[in-house]
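>
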Amino acid sequence: MSEDKKRIVLIGGGGHCLSVIDVVEQQGKYNILGILDSNPNVKTLLGYPVLGGDELIPEMASQGVFFLITVGQIKSVELRKKIANILDKNNAQLAKVISPLSYVSKHAKIKDGTIIMHHALVNAMAKVGKHCIINSKADIEHGVVIEDFCHISTAAVVNGDAKVGKETFIGSNAVLAQSIEVKSNSVIGAGTFVK
């Protein structure tokens, strides 16, 4: 474990966590201490220990550990929001994980608690909120605003100057036309074209 890297704990040990582990390893900015998950049957994930459940957050937050929520967001955002509230109450540091295989413009803004997965594109003047998942091969074009707790799924395209309201799920291969606004708490199905 490198001493100059920041320590990170991932919260949620399902399928999304597996993909996130790979991105964290590739980024090389954090040492993964382990995963928090309440399932007692899961002991390790890709060689990293499951340390326990959410009850460990206060102690770890006091030790300066960074956190990233790795619970997926296909069915509901509520569990991710609940975990975020626990992190906020404990003044926890949130990680920002950006794959080195993605492209994020130096003119884009990405907030803490968000992950940009492999081969995603975030173009100039785009803004991505807290606790978002910008999944593999997603295309976030110029001037787009993605509010907090959104999941832009694999190969989805959000064209220029569009706005995606908070807690929204955009399915795989969905396309949002330029300058449209998607209201908060929306679900856009896979392959949908929204104009």
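Everything in the sequence shown is counted per this note's numbering, starting at 3 for the first residue and increasing by one. Idealized CB from N, CA, C, for every residue including glycine.
#1: Is Q95 helix, strand or coil when you go by DSSP?
#2: Do the region 34-51 and the region 98-108 meet, that is, are 3 or more Cβ pairs less than 8 Å apart?
#3: So L58 is in the beta strand (DSSP E); what residue range does that whole segment cover?
#4: Considering just the uninterrupted stretch of the alpha helix (DSSP H) at L23, what are its terminal residues?
#5: Could you check what DSSP says for E169 in three-state terms: helix, strand or coil?
#6: Relative to the C-alpha of K185, which candidate in K197, A176, G191 and T170 has its C-alpha closest?
#7: How close, in whole Å, do the beta carbons of N43 and A63 come, if the pair is a contact with beta carbons under 8 Å?
#8: Taking the C-alpha atoms as reference points, what is the distance between A128 and K45?
#9: Which same chain residues end up closer than 8 Å to G191 when comparing Cβ atoms and leaving out the 5 residues on each side of it in sequence?
#10: To the nearest angstrom, how far is it from the Cα of T156 to the Cα of V22?
#11: Could you tell me whether the Cβ atoms of G55 and G17 are closer together than 8 Å?
#12: Is it buried or exposed for K77, if we count other Cβ within 10 angstroms and need 16 for buried?
#13: Note down, in chain order, each residue of its chain lying with its Cβ closer than 7 Å to the Cβ of T72, except the 5 sequence neighbours on either side.
#14: When the cut-off is 8 Å and only beta carbons count, does V196 lie next to chain D?
#15: Quick one: complete alpha helix (DSSP H) runs, 4+ long, within the region 97-150?
#16: What do you get for D6, buried or exposed, if any count of 16 or more other CB atoms within 10 angstroms of its CB means buried?
#17: Determine the DSSP secondary structure at I85, reduced to helix, strand or coil.
Inspection of the coordinates gives the following:
#1: strand
#2: no
#3: Careful: L58 lies outside any beta strand (DSSP E) and carries neither H nor E.
#4: Inspection of the sequence shows that residue 23 is occupied by Ile rather than by Leu. It spans G17 to Q29 - the alpha helix (DSSP H) in which I23 sits, taken as one unbroken run.
#5: coil
#6: Comparing Cα positions, the closest option is T170.
#7: With a Cβ gap of about 26 Å, N43 and A63 do not count as contacting.
#8: 39 Å
#9: G173 and A176
#10: 14 Å
#11: no
#12: exposed
#13: L12, I13, G14, H18, C19 and V22, listed in sequence order.
#14: The structure shown contains no chain D; it is built from a single protein chain.
#15: none
#16: exposed
#17: helix
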